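Participant:
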Amino acid sequence: MFLARFIQYIKFEKRYSPHTVSAYESDLDQFTRFLNNPGNATVAPEPIITHPDQISYHDIRNWMVELIDQKLTARSVNRKMATLRKYFKFLLQEGVITQNPTSKIRSQKIPKHLPVVVEGESLAKMLDDDKIFSDDFPGLRDKLVVEMLFGTGMRLAELLGLKDSDINDYEGTLKVLGKRNKERIIPINTELRILLGRYSELKKSENFHNNSLTLIVTNKGADAYPKLIYLIVQKYLSNISTQNKRSPHVLRHTFATSLLNNGADLNSIKELLGHANLSATQIYTHNSVERLKSIYKQAHPKA
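Following UniProt numbering, the residues of the sequence shown are numbered contiguously, the last one being 303.
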């Protein structure tokens, strides 16, 4: 009952994305299973805990230890703890509980990793190569996917959520709905505008039965889905990169790093990426420092 109320709250009042709501449901279901059967959280036994006020700090701490023992990353553990914090904060506001058992839970320290990027110039050359992408609808759609991710730095979910009406060809901009339903405007370059025009015309000529309003669609005209975008990006990045990680987010990192290397200031990059604070954007400065070190070692006689 309480879980259902919480899910309704984040879905309709907080207006979280379907992906986020699904993640919250999964985390809370996993936690409930652990509480009712700590020895085997994959089995759903008879309920032992019937009210949230029976849940203690130690229960949550024990689940945290269980997750760590399962070799989950610190980031994954922290995300699940964030779900519990949100849930119990909601219960406290609703008067269901009188104390928040997550108040003493501390987040795991996340090791800092440099963002994985591909070489911007190689990527640009690949996109300009007419032999790489076919002239039919799938080929043009694939090229648009890679161009959009590299040319705007948008997230995967933002790309999937784009509608035809979000493109303003006259202004040369597009409207993106980011995290927490925060809208931002991103400029698009001339080549991308031309590509969008070609894609839109070809999309109309395909006469898809469902007439989806979503910008990126499948070969049959249905709304695109995450795995499709991953497969597209992996396919084309394999032409220029041998690294294992070839995801849509690599193109977002490449977008930000390219801007920084070419003189863009951090605040502008922050706005383009839709970051809530500057600290999230500052990680890209490390890549630039490493690049400068590499240039120094190659060029300086005393290096």
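Cβ atoms here follow ideal geometry from the backbone N, Cα and C, with glycine treated the same way.
Just so you know, these numbers come straight off a predicted model, no measurement behind them.
#1: To the nearest angstrom, how far is it from the Cα of Asp-27 to the Cα of Gln-70?
#2: In the DSSP output, what is Leu-140 paired with across the bridge?
#3: What runs of the alpha helix (DSSP H), each 4 residues or longer, lie entirely inside the segment 87-155?
#4: Could you compute how far the alpha carbon of Lys-143 sits from the alpha carbon of Phe-133?
#5: Pull up the CB-CB distance for Lys-175 and Asp-166, whole angstroms please, since I reckon it's below 8 Å.
#6: For Ser-107, which residues from the same chain have a beta carbon less than 6 Å from its beta carbon, with the 5 sequence-adjacent residues on both sides left out?
#7: State the Cα-Cα distance for the pair Ser-21 and Arg-5, rounded to the nearest angstrom.
#8: Using DSSP bridges, identify the partner residues of Leu-177.
#9: Does Pro-45 come out as helix, strand or coil in the three-state DSSP assignment?
#10: Could you tell me the boundaries of the alpha helix (DSSP H) in which Asp-69 lies?
#11: Is there contact here, the segment 220-237 with the segment 95-109, by at least three beta-carbon pairs under 8 Å?
#12: Go through its chain and collect everything with a Cβ distance to Asp-164's Cβ below 8 Å, but skip five positions before and after it.
#13: Buried or exposed: where does Phe-12 fall if 16 or more other Cβ atoms within 10 Å of its Cβ makes it buried?
#14: Would you report the Cα separation of Lys-112 and Lys-203, rounded to the nearest angstrom?
#15: Going by alpha carbons, who is nearest to Asn-262 out of Gly-120, Arg-246, Lys-125?
#16: From what residue to what residue does the alpha helix (DSSP H) around residue 360 run?
#17: Would you tell me roughly how many angstroms separate the C-alpha atoms of Ser-238 and Ser-122, rounded to the nearest one?
#18: Just to confirm the assignment, what range does the alpha helix (DSSP H) spanning Ile-7 have?
#19: Assuming contact is defined by CB atoms lying nearer than 8 Å, are Ala-74 and Ile-110 in contact in what I supplied?
#20: Please state if the CB of Leu-272 and the CB of Ile-186 are separated by a distance shorter than 8 Å.
#21: Which value, in whole angstroms, describes the spacing of the CA atoms of His-286 and Ala-256?
#22: Return yes when the Cβ of Val-118 is within less than 8 Å of the Cβ of Ile-269, no when it is not.
#23: Between Ile-188 and the rest of its own chain, which residues show a CB-CB distance below 7 Å, the 5 nearest in sequence each way excluded?
#24: Should Lys-86 be labelled buried (16 or more other beta-carbon atoms within 10 Å of its own) or exposed?
#25: Output yes or no for whether 8 Å exceeds the beta carbon distance between Val-145 and Leu-127.
#26: So the candidates are Thr-50, His-19, Asn-37; which of them puts its Cα closest to the Cα of Met-1?
Facilitator: For this structure:
#1: So the alpha carbons of these two residues sit roughly 15 Å apart.
#2: Leu-140 is not bridged to any residue.
#3: Counting only runs of 4 or more residues that sit fully inside the segment 87-155, the alpha helix (DSSP H) segments are 120-128, 137-152, in chain order.
#4: 7 Å
#5: Contact holds; Cβ gap of about 4 Å.
#6: Asn-78
#7: Residue identity differs from the one stated: residue 21 is Val in this sequence, not Ser. Whole-angstrom Cα-Cα distance: 13 Å.
#8: Answer is Glu-183, bridged to Leu-177.
#9: Residue confidence for Pro-45 is low, a pLDDT of 48 falling below 50, so the modelled location carries little weight and cannot support an answer.
#10: 57-69
#11: no
#12: Ser-200, Leu-213, Thr-214, Leu-215
#13: Its Cβ having fewer than 16 others within 10 Å, Phe-12 is exposed.
#14: 42 Å
#15: Gly-120
#16: Summary: the structure shown does not reach residue 360, with the chain confined to residues 1 through 303, and so no result is reported for it.
#17: 12 Å
#18: Element bounds for Ile-7: 2-8.
#19: Contact check for Ala-74 against Ile-110 passes: the beta carbons are separated by less than 8 Å.
#20: yes
#21: 12 Å
#22: no
#23: Gly-151, Thr-152, Gly-172, Thr-173, Leu-174
#24: buried
#25: no
#26: Thr-50
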